[in-house]
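Going line by line, the protein sequences match chains A and B. Numbering of the first sequence is given in the working numbering, commencing with residue 1 and proceeding in unit increments. Numbering of the second sequence is given in the working numbering, commencing with residue 1001 and proceeding in unit increments. Glycine is no exception: its CB is placed at the ideal position from the N, C-alpha and C atoms. The structure presented is a predicted model; accordingly, all values stated were derived computationally and were not measured.
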Amino acid sequence: MVSQIPVTGFLFAILCCRAMNISLHKLNDGRITGLLMQLVVVAGIIYLGYLLFENTQANLEARNIASGFGFMSVEGGLPISNTLLPYTPADTYGYAFFIGVLNTLYVALFGIIATTLIGIFIGVARVSSNWLIARLAGIYVETLRNIPLLLILFFSYGVVLAGLPGPKTSLNPFFGCFINIRGLYLPKPIFQDGFGFVVLALVLGAIIAWVVSRWSVDYRDRTGISIPSGWIGSALIISLPLITYFIAGGPLEWDIAALKGFNFKGGLVFRPEFSALMIGLVLYTAAFIGENVRSGIQSVDAGQLDAAKSFGVSKGKIMRRIILPQALRVTIPATTNDYTSLVKNSSLAVAIGYPDMVSVGGTIIGQNDQAIEIIGLWMAVYLAINLIVSTIMNWANSKVQLVER
Amino acid sequence: MGPSASSSSSNLLVFVPRPSLPAPRQTVGIIGWLGASLFNGWFNSILTLIGLGLLWETVPPLLSWAIFNAVWTGGPADCPAGHNGACWAFIYDKFRILMVGMYPAEQIWRPLLAGGIFVVLGAVTVFRLLNPLRLIALWFLFLLPVYWLISGGLCLTVVDQSLWGGLMLSLGLAFVGILMSLPLGILLALGRYSNFAIIKSICVGIIEPVRGVPLITILFMASVMMPLFLPVGININNLLRVQIGIILFSAAYIAEVVRGGLQAIPLGQYDAAKSIGLNYWKTTVLIILPQALRHVIPSLIGRCIALFKDTSLVIIVGLLDFLGMVKASAQDPDWLGHDAEAYVFCSIIYWVICFSMSRYGHSLEQKKEAE
Chain A
1 MVSQIPVTGF
11 LFAILCCRAM
21 NISLHKLNDG
31 RITGLLMQLV
41 VVAGIIYLGY
51 LLFENTQANL
61 EARNIASGFG
71 FMSVEGGLPI
81 SNTLLPYTPA
91 DTYGYAFFIG
101 VLNTLYVALF
111 GIIATTLIGI
121 FIGVARVSSN
131 WLIARLAGIY
141 VETLRNIPLL
151 LILFFSYGVV
161 LAGLPGPKTS
171 LNPFFGCFIN
181 IRGLYLPKPI
191 FQDGFGFVVL
201 ALVLGAIIAW
211 VVSRWSVDYR
221 DRTGISIPSG
231 WIGSALIISL
241 PLITYFIAGG
251 PLEWDIAALK
261 GFNFKGGLVF
271 RPEFSALMIG
281 LVLYTAAFIG
291 ENVRSGIQSV
301 DAGQLDAAKS
311 FGVSKGKIMR
321 RIILPQALRV
331 TIPATTNDYT
341 SLVKNSSLAV
351 AIGYPDMVSV
361 GGTIIGQNDQ
371 AIEIIGLWMA
381 VYLAINLIVS
391 TIMNWANSKV
401 QLVER
Chain B
1001 MGPSASSSSS
1011 NLLVFVPRPS
1021 LPAPRQTVGI
1031 IGWLGASLFN
1041 GWFNSILTLI
1051 GLGLLWETVP
1061 PLLSWAIFNA
1071 VWTGGPADCP
1081 AGHNGACWAF
1091 IYDKFRILMV
1101 GMYPAEQIWR
1111 PLLAGGIFVV
1121 LGAVTVFRLL
1131 NPLRLIALWF
1141 LFLLPVYWLI
1151 SGGLCLTVVD
1161 QSLWGGLMLS
1171 LGLAFVGILM
1181 SLPLGILLAL
1191 GRYSNFAIIK
1201 SICVGIIEPV
1211 RGVPLITILF
1221 MASVMMPLFL
1231 PVGININNLL
1241 RVQIGIILFS
1251 AAYIAEVVRG
1261 GLQAIPLGQY
1271 DAAKSIGLNY
1281 WKTTVLIILP
1291 QALRHVIPSL
1301 IGRCIALFKD
1311 TSLVIIVGLL
1321 DFLGMVKASA
1331 QDPDWLGHDA
1341 EAYVFCSIIY
1351 WVICFSMSRY
1361 GHSLEQKKEA
1371 E
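Set out below in structure tokens:
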């Protein structure tokens, strides 16, 4: 009986439309038919939603799955290996998920910074006048762009990092840095009392540098004399904290990893899962960003360069004042997409066991079957991160776009 | 000018040009090229030396590993653990599994035939024997017969979908995904571009969330959540669910590509269509879409490449596609320690397929620019 309702409803709707259509044909007005059509679509969607809701309720009941977010405050017992905040398996599911979200944010932030630096390098190398360097960069881009990211991740985790020596025979490229199969160990800064003053000096230096740069632009507009505000600002930002550091008596110590027993203890540790994820994400995305940078630079008309040269503008200034502002107009919108796909691709962490949000959430689904809640949370967090990324990038884009009168 | 003019000119001093000097040796030939493109200035010279050093450090060891020291045939015993070269015998041994998964050996002609059809269709596409619309129609035409060939039924033995795998599965997921998401994506794009506020917001409400989340969450949704949405007692197998997820994901991206094409159509085209009395659907199908799609063919090929690479993620929801089979083979206890060969082989195959698609797209783009 119940199943006949949609069929009857659908037929009735078609009949209604037919009847209205014939009578409306004489009126020759598309608006009313359009409105009717939309109403039918809305009714269909509401009905579909109702159907899904009913089915889901029935399924959840049949499988004995609870619904709602009550599970978040239950003790989870999940073991998580890479955490930014202290965590024990005795913590709740909610806190475990939060640890996962933090890891996702961490990977996204550092991934975006690192991939931008390498991407710019690759893009500039591709348009280099040096034939060999341009070819090498081209090979890099064409290789990395045409294989799946997951393959790069498996390769860097399963072959490159798994081939590293054990703790006893660690690589030691420079003092305090050890690389072995268990991870990458770096000296860890330990902040003593009084380091707050150094941070304060840094902030102060940055504020003064900003004020100087604003004032110098204004001064140049009034008098035509340009002041090297960039140099002054950099000197301030570097020297102020440095002086404070020495006055305060060097309030910073380093915790260096050391081999104790079978493993290294102390220091700042990056586990292989994290390193593999970063290597894969950064190298893969850098190929795309390199292409954006290349097309940006090539979009600048060659005449611009000749004109600047004929004025006697210096090489560095041509790059900063002529090429870069115009290249960014092309580069930034394309790069926004690559940043958001880097954030989304960080979810591949699940494949190599780095506990990001998807990995932790997947384990939770495996334990209590509450897939709807977890998948809903995933989507909400990714949409939020990507919204933030694209808002920042759109702001940057609006700064570099040509302002036409 | 007559004969007199020529006779008078013979008395004049005639300018005989001396042959020009050859170009300076530093600017032509190999030396000139080296100077201009590798050693112009100290900075570029250092870069060149660094590049050469990099090549010297990487290429000879790679060649000796992959070719000179490699083991090409034999069994696990021919590749001892400490051997300093690639063991391609491992790939040779696993080749069938990597290509078609657990597909029964006595039915192997079916995937082979499907592969043959695929190659022929690919050739028709690459050599542009048909116009784009007929080409897409041709691909659609072969979809069902190829599906029947692989899965069986009617007079062929049924091969369970849990036995499908390898490169066959990757290509299948990608091409069914692209072909099915094309009409869906076009509909979504038209909806987003339409004047009806409700339909527009529904389409935006589908496109944007799908584009905003990773494919993995869509695959999890298809694999774990979709069974909850279906009426109690109805089950769809995992492969089909994942395929539906891929189609939905791809449709959202294709919708945005097609929208770019729609926005490139001047409004005068709509007015012209209206003035000769075409209704909405006739305007769309006969006037707008043919032009819009032609604009976006290179971007659509870009989507094909991206989707083919993305199908490798199905390993996470438990399907053994090409990459999945590669990973599984590398864990075979008989052949331990050959991960590098497995992944290198896998990347070569992916690279060849994706790079040729990208070259094809590039050639279409250049043809479009030439017009």
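The beta carbon of K1327/B sits closer than 9 Å to some beta carbon of chain A. Within its own chain, no residue has a Cβ closer than 8 Å to the Cβ of V159/A once the five positions on either side in sequence are excluded.
At a beta-carbon threshold of 7 Å, the residues of chain A lying near C1346/B are L151, ordered along the chain. As DSSP reads the structure, V269/A sits in a beta bridge with Y185/A. Annotation for D255/A: the continuous beta strand (DSSP E) segment containing it runs 252–255.
Of all residues in the stretch 1163–1176 of chain B, none has a C-beta nearer than 9 Å to a C-beta of chain A. Look at V1071/B here: in three-state DSSP terms it is strand. Apart from sequence neighbours up to five positions away, the residues of its chain that approach I1117/B with a beta-carbon distance below 7 Å are F1142, V1146, ordered along the chain. At a cut-off of 9 Å between beta carbons, Q192/A makes no contact with chain B. Inside the stretch 143–213 of chain A, DSSP marks whole alpha helix (DSSP H) runs of 4 or more residues at positions 149–155, from first to last along the chain. Across the set D1334/B, G1029/B, I1297/B, I1247/B, the C-alpha of I1297/B shows the shortest separation from the C-alpha of H1362/B. For V198/A, the number of other beta carbons within 10 angstroms of its own is at least 16, and it is reported as buried.
For the stretch 367–388 of chain A, residues whose beta-carbon sits nearer than 7 Å to a beta-carbon of chain B comprise A371, I372, I375, W378, M379, Y382, L383, N386. At a cut-off of 9 Å between C-beta atoms, T363/A does not count as an interface residue with respect to chain B. Of the residues L1182/B, V1242/B, G1268/B, the one whose Cα lies closest to the Cα of V1258/B is L1182/B.
For the pair of segments examined, the stretch 328–340 of chain A was found to touch the stretch 378–393 of chain A: the number of CB pairs separated by less than 8 Å reaches three. Taking the Cα of P189/A as reference, the smallest distance to any Cα among L268/A, A235/A, D218/A is reached at L268/A. I1199/B belongs to the set of residues whose beta carbon lies under 9 Å from a beta carbon in chain A.
In the DSSP assignment, A258/A falls within the beta strand (DSSP E) that extends over 258–260. Residues of chain A with a Cβ closer than 7 Å to the Cβ of F1090/B do not exist; the shortest Cβ-Cβ separation is about 14 Å. Residue pairing by DSSP places N263/A opposite K260/A in a beta bridge. According to the DSSP assignment, I225/A belongs to no alpha helix (DSSP H), since it is labelled neither H nor E.
Interface flag for A1070/B against chain A is unset, since no Cβ pair is found closer than 9 Å.
Ranked by Cα distance from E373/A, the options G94/A, A248/A, Q192/A, F155/A are led by G94/A. For the set F264/A, K265/A, L153/A, P228/A, the Cα lying nearest the Cα of W210/A is the one of P228/A.
For the set E1106/B, G1082/B, W1148/B, Q1161/B, the Cα lying nearest the Cα of L1239/B is the one of Q1161/B. Ranked by Cα distance from L1364/B, the first of W1109/B, V1126/B, L1267/B, F1095/B is V1126/B. In the DSSP assignment, V1014/B falls outside any alpha helix (DSSP H), carrying neither H nor E. Listed in chain order, the non-local C-beta contacts of I1216/B below 8 Å within the same chain comprise L1313, I1316, local neighbours out to five positions each way being set aside.
Neighbours of L60/A across chain B, judged by C-beta separation under 8 Å: L1228.
With contacts defined as CB atoms closer than 9 Å, L132/A and L1047/B qualify as a contacting pair.
If the five residues before and after I1136/B are omitted, its C-beta is found closer than 6 Å to no C-beta atom of its own chain. Apart from sequence neighbours up to five positions away, no residue of its chain approaches P1290/B with a beta-carbon distance below 6 Å. Pairing M1221/B with I120/A gives a Cβ-Cβ distance that is not under 9 Å. Per DSSP, the continuous alpha helix (DSSP H) segment holding H1362/B begins and ends at 1339–1370. Within the stretch 1098–1112 of chain B, contact with chain A at the beta-carbon level (separation under 8 Å) is assigned to no residue.
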